[in-house]
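Chains as they are written, first to last, in our numbering: chain A, 20 to 150; chain B, 20 to 150; chain C, 20 to 150; chain D, 20 to 150. Every residue, glycine too, gets a C-beta built ideally from N, C-alpha and C. Small disclaimer: the values here were computed from a predicted structure and weren't measured. This report refers to the structure that appears directly beneath it.
Protein chains: 4
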Amino acid sequence: MYFNIDPKKNIPLYEQIIHQVKEMCAKGILKPNEKLPSVRELSSQIVINPNTVSKAYQELERQGVIITIRGRGTFISEDFDQTYDPRLVEKLRQSLKQVIIDSHYAGISREELIQWLEDVYNEIRGDTSES
Amino acid sequence: MYFNIDPKKNIPLYEQIIHQVKEMCAKGILKPNEKLPSVRELSSQIVINPNTVSKAYQELERQGVIITIRGRGTFISEDFDQTYDPRLVEKLRQSLKQVIIDSHYAGISREELIQWLEDVYNEIRGDTSES
Amino acid sequence: MYFNIDPKKNIPLYEQIIHQVKEMCAKGILKPNEKLPSVRELSSQIVINPNTVSKAYQELERQGVIITIRGRGTFISEDFDQTYDPRLVEKLRQSLKQVIIDSHYAGISREELIQWLEDVYNEIRGDTSES
Amino acid sequence: MYFNIDPKKNIPLYEQIIHQVKEMCAKGILKPNEKLPSVRELSSQIVINPNTVSKAYQELERQGVIITIRGRGTFISEDFDQTYDPRLVEKLRQSLKQVIIDSHYAGISREELIQWLEDVYNEIRGDTSES
DNA sequence: GTGGTCTAGACCACT
DNA sequence: GTGGTCTAGACCACG
Chain A
20 MYFNIDPKKN
30 IPLYEQIIHQ
40 VKEMCAKGIL
50 KPNEKLPSVR
60 ELSSQIVINP
70 NTVSKAYQEL
80 ERQGVIITIR
90 GRGTFISEDF
100 DQTYDPRLVE
110 KLRQSLKQVI
120 IDSHYAGISR
130 EELIQWLEDV
140 YNEIRGDTSE
150 S
Chain B
20 MYFNIDPKKN
30 IPLYEQIIHQ
40 VKEMCAKGIL
50 KPNEKLPSVR
60 ELSSQIVINP
70 NTVSKAYQEL
80 ERQGVIITIR
90 GRGTFISEDF
100 DQTYDPRLVE
110 KLRQSLKQVI
120 IDSHYAGISR
130 EELIQWLEDV
140 YNEIRGDTSE
150 S
Chain C
20 MYFNIDPKKN
30 IPLYEQIIHQ
40 VKEMCAKGIL
50 KPNEKLPSVR
60 ELSSQIVINP
70 NTVSKAYQEL
80 ERQGVIITIR
90 GRGTFISEDF
100 DQTYDPRLVE
110 KLRQSLKQVI
120 IDSHYAGISR
130 EELIQWLEDV
140 YNEIRGDTSE
150 S
Chain D
20 MYFNIDPKKN
30 IPLYEQIIHQ
40 VKEMCAKGIL
50 KPNEKLPSVR
60 ELSSQIVINP
70 NTVSKAYQEL
80 ERQGVIITIR
90 GRGTFISEDF
100 DQTYDPRLVE
110 KLRQSLKQVI
120 IDSHYAGISR
130 EELIQWLEDV
140 YNEIRGDTSE
150 S
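Here it is as C-alpha cells:
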C-alpha cells in the first residue's frame, strides 16, 4: 500500500490521503477489515505531520470508509451504508459538469472523456470482484 | 445573461463566475464577440466585491475565454486556441476519477453518471448552433 | 452571547463550544443568519487556541448548524435539514438510556428526570416561538 | 448473563462493561449478592484484555455497585447507599440536556423522547421484583 | 502501542 | 478582515 502525496499540488494534503484511501478501497487494493498504517507510521512514511494524517483518518471515518478502534488502530469498514444524501449528489453532479466543461475547453472530446470514465470503472470493477 | 452566484457554496466566488461564463459560452448562451458586463456592472448586479469580479475576468482572459479591449470592455473570444496542455489534461483526468470514486461511494451507479454526462453534452451541443 | 468554557471538565473544549452553540440556537438566543464571533475573536474571548475554535466551527458546519462564508465569517444556518440518520437516532437512544440508568443509581427519581426534561423543552420552546 | 461489547463503538470498552452491569442490575437481571464472573472468565468470554475488565470492576466497586471479597470473587452489592452527590447530579442534568438538544437537531420529537424514557423505566421497574 | 486533544505559531486563499 | 491548512511538539486515555 503506497501513498503518493505531493505537497506542491493545490489540493490539501489531508484530502490527497482521503482520495487515495477511497481509491484503493474502490479498486480492491484495500479490503474490508484490513488495517491501515497507524497515524505515526503513515506520517513518517510520507513525511508529513501526524496531525494531518489524523485529520484525513477522521474525515474518512466520518464518511464511513474506515473505522478506528481505540488503542488498536484504524481499519477499512465492512459496510458502506450509503445514505444517498441529496446534497452530496447535487454537489457531485455540479463537479462532473465542471469537469466536462473544463475538458471541453481543454480540447478533450466527449468520446475521450467517456473512455476515461470507462477506464476508471474497469479498475474499480476488475479488482473488486469477490474472488 | 443571468449569474447565479451563491456565497454559501464552498467554491470561491470568482471561480463560480469563471465556471458560469465558461458554461454559458459552451452552451452558446454567450456568443463569440459578445460583450460582457463591465466589472462594476456585474459586481453591483450580483452584489459582490468588484475585486472578485475583476479576478474572475483576469483568469478568464488568461484562459483565453474572453479578451479585454481597453476602453471598450470585455468580450467573448472568437477562437479558443486549445493548446492541449498535458498538465491540465492530467489534472482533469484526476478530477474526473475523483468525482467517479466519490459518486461510487455516494451510491450513484455507472449508468447514472453516464446519463449525467450525456445530459451535459446535450446542453452543450444543442445550443451551439455553429456547426 | 456568552460562552462558558471550562478546561477542567472531561469533555473536550471544542465539544463544549459545539454544545453551547447548539443550545443557544435551540433556545433562540442565536437566530438564523446571525453572525457568530470570528474564530480569532472567540478564541481570545474564551482564552483558547484558535484552532480549537476552528475545529468546533467546522464540526458545527458539518452538522448543518452554521455555515461559513469565505472571507466573511460564520453564520447560523437558516434551515436545519434533518436527515433522520438512523445510526444517530440509535446513538441518542443509547445515550438517553445511560443517563436514565446513571440517574437511577444517583437516586434521581423518574419524576425528577421528567421534570428536567420538561424544563429543557420549555426553554427551547419558550424562546423559539416566532414572535 | 450475556455481555454485548462492541469495540467499534466510540465508548471505551471498560465503560461498556460498567454500563451493562449497571443496566442488568437496574433491570433485575443481576440480583443483589449474585456472583459476577471473574476478571479472567469475563475477559476470555468477551475476548478482551483482562486489564480492561479489571478497570471496569474497579470503577463499579468505587461506585458501590459491586463488592469484591478477596478469595471469593465479586458480587452485586446489597445496598446502593446513594449519597446524592450534587456534582454528579449536575453532570447528569447536563448530559440529559445535551441528549435532548441533540435529539432536537436529529428531528426527534419531545413525545418520542418521553416514550423512550418510559420504555427504559418500564424495563427497570418490570423486572425488579423486590417491591 | 493506538488515536484524540490542545497549543503555539506560521502561511495562504478569499473577500 | 475572514477561515483553512500545516507543522512541531506536548499530554492524555485506552487497551
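query                                                                                                                            : result
Candidates I133/D, V139/D, I120/D: closest to H38/C by CA position                                                               : I120/D
Enclosing alpha helix (DSSP H) for T71/C [first to last residue]                                                                 : 69 to 81
Assumed close pair S57/A, G92/A - CB separation to whole angstroms, cut-off 8 Å                                                  : 6 Å
At least three beta-carbon pairs within less than 8 Å, the segment 100 to 114 of chain A to the segment 116 to 131 of chain B    : yes
Supposed close pair I127/B, V118/A - CB separation, criterion 8 Å                                                                : With 8 Å as the limit, I127/B and V118/A do not qualify as a contact, their Cβ atoms being about 15 Å apart.
I119/B - containing alpha helix (DSSP H), residue span                                                                           : 105 to 124
Touching by the beta-carbon criterion (3+ pairs, under 8 Å), the segment 57 to 67 of chain B and the segment 77 to 91 of chain B : no
Three or more C-beta pairs below 8 Å linking the segment 65 to 80 of chain B and the segment 136 to 143 of chain A               : no
P31/D: contacting residues in chain A (beta-carbon distance under 8 Å)                                                           : R89
Amino acids of chain D, ordered along the chain, whose beta-carbon sits closer than 7 Å to that of Q64/C                         : Ordered by position in chain D, no residue passes the 7 Å Cβ test against Q64/C, which lies about 22 Å from the chain.
Candidates P105/A, S73/A, Y103/A, E97/A, of which the one nearest A45/A by Cα                                                    : E97/A
Residue interval of the beta strand (DSSP E) (run including I88/C)                                                               : 85 to 88
Chain A contact for K75/B (CB, 8 Å cutoff)                                                                                       : A small fix is needed here, since residue 75/B is Ala in this sequence, not Lys. A75/B does not count as touching chain A.
Where K50/C falls, given that 16 or more other Cβ within 10 Å makes a residue buried                                             : exposed
Whole-number beta carbon distance between E53/D and F94/D, since they are thought to touch under 8 Å                             : 7 Å
Pair within 8 Å by beta-carbon distance, L219/D and V139/D                                                                       : Outside the shown range of chain D (20 to 150) lies residue 219/D, about which nothing can therefore be said.
Per-residue burial, E42/C [other beta carbons within 10 Å of its own, 16 or more giving buried]                                  : buried
Where I95/C sits in the DSSP three-state scheme                                                                                  : strand
Within-8 Å CB hit, Y103/A to chain D                                                                                             : no
Assumed close pair L136/C, I30/D - CB separation to whole angstroms, cut-off 8 Å                                                 : About 23 Å separates the two Cβ atoms, so there is no contact after all.
Unbroken alpha helix (DSSP H) run spanning I37/D, endpoints                                                                      : 32 to 46
Span of the alpha helix (DSSP H) around E60/B                                                                                    : 58 to 64
For S63/B and Y76/C, the rounded distance between their alpha carbons                                                            : 31 Å
C-beta neighbour in chain D for K116/C, strict 8 Å                                                                               : yes
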